[in-house]
Amino acid sequence: RQAAQCVGRVIRSKSDYGMMIFADK
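Under full-length UniProt numbering, the first residue of the sequence shown is numbered 1, with each subsequent residue one higher.
Shown next, in the form of structure tokens:
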């Protein structure tokens, strides 16, 4: 369960990073 939470956090941070780049462009 903890591992899944960690994976979910990584995916969320990755999507947030992509949104930042998209907004920057």
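Glycine included, every Cβ here is placed at the ideal spot set by N, Cα and C.
Check                                                             : Outcome
Three-way DSSP call (helix, strand, coil) for LYS14 in this model : helix
Local conformation of ARG1 per DSSP, three classes                : coil
Inter-residue Cα distance where the pair is GLY18 and ARG9        : 14 Å
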